[in-house]
Amino acid sequence: MADERFFRSCGPLRLNEIVSHVAGELSNAQAGEMMVHGVASLQTAKSGELSLFSDASYKNAFAETRASVVVTSRELSGLAEIHAALLIVGMPRVAYAQICNLFYPPDSLHTGTHCTAQVDTTAILGEECQIDAGVVIGPEARIGARCHLSSNVVIGTGVVLGDDCDIGPNSAITHALIGSRVRIASNVSLGSSGFGFTPGPQGPVRMPHFGRVIIQDDVEIGANCAIDRGAEGDTVLGAGSVLDNLIQIAHNVRLGRCCVIAGQAGIAGSTILGDYVMIGGQAAINDHLTIGTGARVAGKSGVMRDVAAGETVAGYPAVPVRQWHRQTISLMRAAARRTNGHV
Amino acid sequence: MADERFFRSCGPLRLNEIVSHVAGELSNAQAGEMMVHGVASLQTAKSGELSLFSDASYKNAFAETRASVVVTSRELSGLAEIHAALLIVGMPRVAYAQICNLFYPPDSLHTGTHCTAQVDTTAILGEECQIDAGVVIGPEARIGARCHLSSNVVIGTGVVLGDDCDIGPNSAITHALIGSRVRIASNVSLGSSGFGFTPGPQGPVRMPHFGRVIIQDDVEIGANCAIDRGAEGDTVLGAGSVLDNLIQIAHNVRLGRCCVIAGQAGIAGSTILGDYVMIGGQAAINDHLTIGTGARVAGKSGVMRDVAAGETVAGYPAVPVRQWHRQTISLMRAAARRTNGHV
Amino acid sequence: MADERFFRSCGPLRLNEIVSHVAGELSNAQAGEMMVHGVASLQTAKSGELSLFSDASYKNAFAETRASVVVTSRELSGLAEIHAALLIVGMPRVAYAQICNLFYPPDSLHTGTHCTAQVDTTAILGEECQIDAGVVIGPEARIGARCHLSSNVVIGTGVVLGDDCDIGPNSAITHALIGSRVRIASNVSLGSSGFGFTPGPQGPVRMPHFGRVIIQDDVEIGANCAIDRGAEGDTVLGAGSVLDNLIQIAHNVRLGRCCVIAGQAGIAGSTILGDYVMIGGQAAINDHLTIGTGARVAGKSGVMRDVAAGETVAGYPAVPVRQWHRQTISLMRAAARRTNGHV
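Residue numbers (my numbering), protein chains in the order written: chain A, 1 to 343; chain B, 344 to 686; chain C, 687 to 1029.
Written as C-alpha cells, this is what we have:
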C-alpha cells in the first residue's frame, strides 16, 4: 500500500468496477462483488489486494501470492492453480497501469495562480491552471488549459504549452512550442542554446542558434535533462516519446514517435531517429546520423554510423549486437589463453 | 589559506587545543604552546601553518615542507627528519578533516524564515531552522531542527526531514523521508517518478509509481543528481552513503550503508547494493542486479551481472578486474601484431 | 527564418553594410545595394536570403542553393558556378556567426531589478544590470556592469562577477570569482563542495573543501553542469573555454585557455588541461592527470594516463587513436574468425 502522506487512495473499489474499467474478463464471475483494497506486487500483496502477473519468470510468486485478484493474460493464467480471482486481459501491464491510476489518480489541480508567481501581463493562461509559488511566465507566453506549473518553474518569452501539461519544480523552458499532455520533471533545461562553436582567431566563436524546440503531444521528459534548441530549424521530440533522467539532446536532433531513451544517454547534434527507437542508458549517438524506425541501441554503446530500421546495435564503436557478443567472447578467450601461457 | 570572502577562519589556534581535539600525540611536547595560523598542503604551507602527510608517495614534499606542524601516522613519521612538529594520530586524514573543521567550521545558521519563503500552514518546522528566500514547503511537510534550506528549494507535500539537514539551492524534493545530518547539494531532483513504461496500443504507457525515497542518516548527495522514488516500495540510500554529482539512481534501487558513488554513475531500477560498495565515475549498473557488500566497480564499467561481495569488476561487460587487465593487454598485443603484419 | 516569437530580426539589411561588418569582398560589386532579408542554410534559403558554404562536402547544396548571397572562402568559391553573389572572407564560419548576430543581436537588457529579487544590502550591482524575478544575491557579492541574472538564479556570499555576464534561470553559484562576458546556462551548479571523503571509523568522513572556482573571461558553460570548488586552492576554467551540457568538473581541475568539452564528459579531481584541449562527449578523464596543450580525447574515451601535447587518444583505457582503430579492427576480425569456426 502506498504511503498516505504522498498518495491518496480512492480504494476500496468493487472488483466489477475495475473489470469494466479495463475491459477484462473474470475467471470467477462471483468474485465481482469483492471489494479490492489496493494494489501490490505478487510477493507483497495481502488478502484483499490486487496484483499483476505478466512475466512467466515470476511463476513461483504467482503460485504463492496472497493477493485476492491477479491481473494476467490468458496464456499466463494456466501456469499455476491459485485461489485468487484472475482478471484476464489482452495487455496485463497496460491494464495494471490503468487500475493503479484508478486507486491513485493524479492529484487534482488546485486551480489558481499563487500570489508570488510572476505572470507577464501579455502572457495568456488557459482555464483551470495551477501556477505554483515562484513561477515566472514571460511575455507573450501561452499556457493551455489545466496545466500545472510547479514551484519556481521559469517559462520564457513566447513559449507555447498545450493543454494538460505538468512541469516539475525548478525547470526552465525557453524557445519552445510544446504540445498537450506533456510531462516534464524537475530541474529540466529545455531550449538552451546548443553547443555550436567554430575556431576563431582568439578562440572558439559561438554560432548563434536561433531555432526552437518542438515537443509533440504525450511526451515525457525526466529530471535534469538538457534539451537544446535548434541552431537553424528545430529540435523535435516526436509524439509519445519518453525520456529518462539526465539525458542530453543536442541541437537539431529529431526523434520520431514513441521513442524510448534511458537515463544518461546523449544524442549529438542533427541526428535523426525514426519512430519507436529504443536507446539504452548511458549510450551516446554521434552527430549527423540516422537511426531507423524500430532500431535499438544497447546501454553504454557508442554509435558512430547510421543504424538501419529494426537493427539492434551494441558496443563502442557500436556493431550489430550478435557481432558484439562474438567480440566479447573472443576477448574473453584471448585473455584466458594469456593466463594459460599461450600468447 | 582560504579566501576570507567565502570561508571565515577561527585561527590562530593553540596547537595544544588542536592536539586534544583529535586525541593525538606531539613529537615535541614543547611545541604545544605554538599558535597555528591555518592549514595548507605540504607544498604550499608556510611557517606557522599545519599540513597533512598521509601518503608515502609524498615523502619528498614532507621532507621539504615549510609547515610548522605536520599531521601524520607513526609509520610515516620516520620517512624523513624534519623541523616541523609532528602530530601523530591513528587516522591522519580523518584527524586533518577534523582540524580543518576547527579552523573553518560550517557557517552557523541565520535562524529564521525569509519573508519570501512560502511555508504551508500545515507544515511543521523544527527549532532554529534557516529557511532562505524563495523556498517553498508544501502541506504536511515536517522539517527537523537546525535544518538549512537554501534559496528556491522546493519541498513537496508530506516530505519529512530529520535534524541538521542542509539542502542546496534550487533542489526539489518530493515523496521522500529523509534522516538527520543529510546534505543535498544544488539542483538535485529527489523523488521524481521513475522511468516505468510499458508498450501500449498507442505507444508507451506510464506505469504509476507510488513508492517513496528513503534517505537514511548522514547521507550526502552531490549537485544535479536525479534520484527517483520507488515504483511500488521504496528507493533507499543507506546511512552514511555518499554520492558525487550528476548521478542517476533509478526507482527501487537500494544502497546499503556507507556506499561511495562517483560522478555521473548510474544505477538502473531495482538493483540492490550491499554495504561499503564503491562505484567509479560514469559506471553503469544494469537493473535487477545484486552487488555484494564491499564490492568495487571501476569507473566507466558496465555491469551486466551480479557482483559478489568483495569482488572488484571492470570493463563492459564488467568482468573481474584482473581479467579486464588481461583483456586490455590481449587487445593491445593483437593490435601490435596487426602493425607488424601478422594478421 | 527564425520564429519571431523568440528572435527579433533586425533585417532587412543592405548587403554593403554586411560586407563592411565582416571585412569581406563581394564577387560582384553591384550586388552591394541588395537588401538581405535573413539567413538560412544552403538547402532552405530562399531568394533574398544569405547562406554559408564552408565545407566542400556540401558542394551540391552550394550549386543548387536559392540563396541570393553565399558567404564562403576563395578556395571554396570555385567549386560551382552559381547565380548568388559571393561574399569572400578568410574565415567563413566566423563571418557567418557575425552576420547572424547582425540579424539577431542578443536581446538588449531590460535594465533594473525585479521587485521579487532579493539583493543583500551589502551586495554591489554594476550599472545597467538586469536582475529578474526570484533572483537571490547574497552578502558582499559584487556583480559587474550589464550582467543579466535570469529568474531564480542564486548568487552566494562573496561571489564576484565581471561585466557583461549572462546567467541562465535556476543556476546556483557559490564560492566563485567569475570574469567578464561569461555565459552560464540554466540549472548549473557552480561552486559546490567537491567529492572528498576519507574512510573513517564509522563510514566516509567528508574532507572540508575551502577552495574556490575561478572562471576566466569569455567562458561558456552549458545547462545542468556541475563544477565543484577546489578542496584547497582553486578549480579553474581558462579564458575562452566552452563546455556543453551535463558536464562534471571536479575539485581542483584546471583548464587552460580555449578548451572545448562536449556533453556529459567528466573530469576527475586535480587533473590539469593545457590550452586548446578538446574532449569528446561522455569521455572521462581520471584524477591527477595532465593533458597537454592541443590534445584531443575522443568521445566516450576513458583516459587513465597523461596525454602528451597534441596527442589524440581514444578508447578505454584510452590509447593513441590509430592504435584504437587497430584494436577495433583486430576485435572485429577475431569475432569474424569465430563465426568461421577458426577459434
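Even glycine gets a Cβ: it sits at the ideal position worked out from N, Cα and C.
What three-state label does DSSP hand Ser987 (chain C) in the structure shown? Stepping through the third sequence from its first residue, residue 987 (chain C) is reached at position 301. Coil at Ser987 (chain C), not helix or strand.
Does His769 (chain C) come out as helix, strand or coil in the three-state DSSP assignment? The sequence position of residue 769 (chain C) within the third sequence is 83, counting from 1. Reduced to three states, the DSSP call for His769 (chain C) is coil.
Check whether the stretch 758-776 of chain C and the stretch 737-747 of chain C touch, using three or more Cβ-Cβ pairs below 8 Å as the test. yes
Can you list, in chain order, the residues of its chain with a C-beta nearer than 6 Å to that of Met687 (chain C)? Leave out the 5 residues immediately preceding and following it. Residue mapping note: residue 687 (chain C) aligns to position 1 of the third sequence, counting from 1. Cβ within range, chain order: Gly724.
If Gly827 (chain C) and Asp793 (chain C) are in contact, beta carbons under 8 Å, what's the gap, nearest whole angstrom? Stepping through the third sequence from its first residue, residue 827 (chain C) is reached at position 141. Stepping through the third sequence from its first residue, residue 793 (chain C) is reached at position 107. According to the sequence shown, residue 827 (chain C) is Ala rather than Gly. So it is not a contact: roughly 24 Å between Cβ atoms.
What does Gln218 (chain A) reach in chain B if we use C-beta pairs closer than 8 Å? For this step, residue 218 (chain A) is matched to residue 218 along the first sequence. At residue 218 (chain A) the sequence reads Asp, which differs from the Gln that was named. By Cβ distance, chain B contributes Gly546.
Verify whether the separation of the beta carbon atoms of Ala678 (chain B) and Gln1013 (chain C) is less than 8 Å. For the purposes of this step, residue 678 (chain B) is taken as the residue at position 335 of the second sequence. For the purposes of this step, residue 1013 (chain C) is taken as the residue at position 327 of the third sequence. A contact, by the Cβ cut-off of 8 Å.
So, does the CB of Asp55 (chain A) fall closer than 8 Å to a CB anywhere in chain B? Within the first sequence, residue 55 (chain A) is the residue found at index 55, counting from 1. No - not a single Cβ of chain B is within 8 Å of the one on Asp55 (chain A).
Which of helix, strand or coil does DSSP assign to Arg485 (chain B)? As a position in the second sequence, residue 485 (chain B) is number 142, starting the count at 1. Looking at Arg485 (chain B) - three-state DSSP - the assignment turns out to be strand.
Beta-carbon neighbours of Phe350 (chain B), restricted to chain C and to distances below 7 Å: Stepping through the second sequence from its first residue, residue 350 (chain B) is reached at position 7. Those are Phe896, listed as they occur along chain C.
Sheet register partners of Ala657 (chain B) (DSSP bridge): Locating residue 657 (chain B) in the second sequence gives position 314, where the first residue counts as 1. B:Val662, per the DSSP bridge assignment.
Anything in chain C within Cβ reach of Val585 (chain B), meaning under 9 Å, just list it in chain order. Start at 1 with the first residue of the second sequence, and residue 585 (chain B) comes out as number 242. Here the neighbours are Phe881, Phe883, Gly889, Pro890, Arg892.
Where Ala284 (chain A) falls: helix, strand or coil (DSSP): On the first sequence, position 284 is the one that residue 284 (chain A) refers to. Three-state result, Ala284 (chain A): strand.
Looking at C-alpha atoms only, which residue of A:Val188, A:Ala67, A:Cys10 is the closest neighbour of Thr44 (chain A)? Numbered from its first residue, the first sequence carries residue 44 (chain A) at position 44. Nearest C-alpha to Thr44 (chain A): A:Ala67.
For Arg940 (chain C), which beta-bridge partners are listed by DSSP? For the purposes of this step, residue 940 (chain C) is identified with residue 254 of the third sequence, where counting begins at 1. According to DSSP, which records beta bridges pairwise, Arg940 (chain C) is partnered with C:Val922, C:Ile958.
Cα-Cα separation, Val757 (chain C) to Tyr782 (chain C): Numbered from its first residue, the third sequence carries residue 757 (chain C) at position 71. Numbered from its first residue, the third sequence carries residue 782 (chain C) at position 96. Rounded to whole angstroms, Val757 (chain C) to Tyr782 (chain C) spans 7 Å at the Cα level.
Who are the Cβ neighbours of Val195 (chain A) in its own chain at under 8 Å, not counting the five residues just before and after it? As a position in the first sequence, residue 195 (chain A) is number 195, starting the count at 1. The identity of residue 195 (chain A) in the sequence shown is Phe, whereas the question assumes Val. Around Phe195 (chain A): Asp228, Ala250, His251, Gly269.
Rounded to whole angstroms, what is the Cα-Cα separation between Trp324 (chain A) and Met1018 (chain C)? For the purposes of this step, residue 324 (chain A) is taken as the residue at position 324 of the first sequence. For the purposes of this step, residue 1018 (chain C) is taken as the residue at position 332 of the third sequence. Near 9 Å, if we compare the C-alpha coordinates of Met1018 (chain C) and Trp324 (chain A).
Counting only C-beta atoms, is Ala1020 (chain C) closer than 8 Å to chain A at any point? As a working note, residue 1020 (chain C) is residue 334 in the third sequence. Yes, Ala1020 (chain C) lies at the interface with chain A (some Cβ there is under 8 Å from its Cβ).
Using a Cβ-Cβ cut-off of 6 Å (strictly less than) and excluding sequence neighbours within five positions of Thr655 (chain B), which residues of its own chain qualify? Looking up residue 655 (chain B) in the second sequence gives position 312. Arg639, Val664, listed in sequence order.
Here's the rule I'm using: 16 or more other beta-carbon atoms within 10 Å means buried, otherwise exposed. How should Gly90 (chain A) be labelled? Residue mapping note: residue 90 (chain A) aligns to position 90 of the first sequence, counting from 1. Classification for Gly90 (chain A): exposed.
Where Leu1017 (chain C) meets chain B, residues with beta-carbon distance less than 8 Å: Counting from 1 along the third sequence, the entry for residue 1017 (chain C) is found at position 331. Those are Leu674, Ala677, listed as they occur along chain B.
Which whole-angstrom value describes the C-beta separation of Gly1002 (chain C) and Gly985 (chain C), a residue pair presumed to lie in contact below a C-beta threshold of 8 Å? As a working note, residue 1002 (chain C) is residue 316 in the third sequence. As a working note, residue 985 (chain C) is residue 299 in the third sequence. In the sequence as displayed, the identity of residue 1002 (chain C) is Tyr instead of Gly. The Cβ separation is near 11 Å, so there is no contact.
For a minimum of 4 consecutive residues, which ranges assigned as the alpha helix (DSSP H) are wholly contained in the stretch 2-65 of chain A? 15-22, 59-64
Go ahead and label Ile933 (chain C) buried or exposed: buried means 16 or more other beta carbons lie within 10 angstroms of its beta carbon, across all protein chains shown. To locate residue 933 (chain C), count along the third sequence from 1; it is residue 247. Buried is the call here.
So, with DSSP's three-state summary, where would you put Ala1021 (chain C)? Walking along the third sequence from the start, residue 1021 (chain C) turns up at place 335. In the structure shown, Ala1021 (chain C) sits in a helix (DSSP, three-state: H, G or I).
Under the three-state DSSP convention, the category Val412 (chain B) falls into: In the second sequence, the residue the question calls residue 412 (chain B) occupies position 69. Correct three-state label for Val412 (chain B): strand.
Measuring only from the beta carbon, is Gly230 (chain A) closer than 7 Å to any heavy atom that is part of the ligand GTP? For the structure depicted, the ligand GTP is absent and the ligand set is empty, with no information on it obtainable.
Identify the contact partners of Leu589 (chain B) in chain A, using a Cβ-Cβ distance below 9 Å as the criterion. Here residue 589 (chain B) is taken as the residue at index 246 of the second sequence, counted from 1. Ordered by position in chain A, the residues that pass the 9 Å Cβ test against Leu589 (chain B) are Asn224, Leu246, Gln264.
Which value, in whole angstroms, describes the spacing of the CA atoms of Ser397 (chain B) and Leu975 (chain C)? Your numbering for residue 397 (chain B) matches position 54 in the second sequence. Your numbering for residue 975 (chain C) matches position 289 in the third sequence. The alpha-carbon atoms of Ser397 (chain B) and Leu975 (chain C) are separated by roughly 20 Å.
With Ser47 (chain A) and Ala40 (chain A) assumed to form a contact (beta carbons below 8 Å), what rounded beta-carbon distance in angstroms separates them? As a working note, residue 47 (chain A) is residue 47 in the first sequence. As a working note, residue 40 (chain A) is residue 40 in the first sequence. Rounded, the Cβ-Cβ distance is 11 Å, inconsistent with contact.
CA nearest to the CA of Ile615 (chain B), picked from B:Cys602, B:Leu598, B:Gly623, B:Ala652: One-based indexing of the second sequence puts residue 615 (chain B) at position 272. Of the candidates B:Cys602, B:Leu598, B:Gly623, B:Ala652, the one whose C-alpha sits nearest the C-alpha of Ile615 (chain B) is B:Leu598.
Go ahead and pull the three-state DSSP assignment for Gly158 (chain A). For the purposes of this step, residue 158 (chain A) is taken as the residue at position 158 of the first sequence. DSSP places Gly158 (chain A) in coil when its eight states are reduced to three.
Got a sec? Which residues, its chain only, sit under 6 Å from Val1029 (chain C) by beta carbon, not counting five neighbours each side? Counting from 1 along the third sequence, the entry for residue 1029 (chain C) is found at position 343. Any answer about Val1029 (chain C) is weak, because its pLDDT of 42 lies below 50 and its placement is not dependable; what the coordinates show is given next. Contacts found: Arg1023.
Quick one: what's Phe538 (chain B) bridged to in DSSP? Walking along the second sequence from the start, residue 538 (chain B) turns up at place 195. In DSSP, Phe538 (chain B) forms no bridge with anything.
Are the Cβ atoms of Ile215 (chain A) and Gly156 (chain A) separated by less than 8 Å? Numbered from its first residue, the first sequence carries residue 215 (chain A) at position 215. Numbered from its first residue, the first sequence carries residue 156 (chain A) at position 156. Going by C-beta atoms, Ile215 (chain A) is not nearer than 8 Å to Gly156 (chain A).
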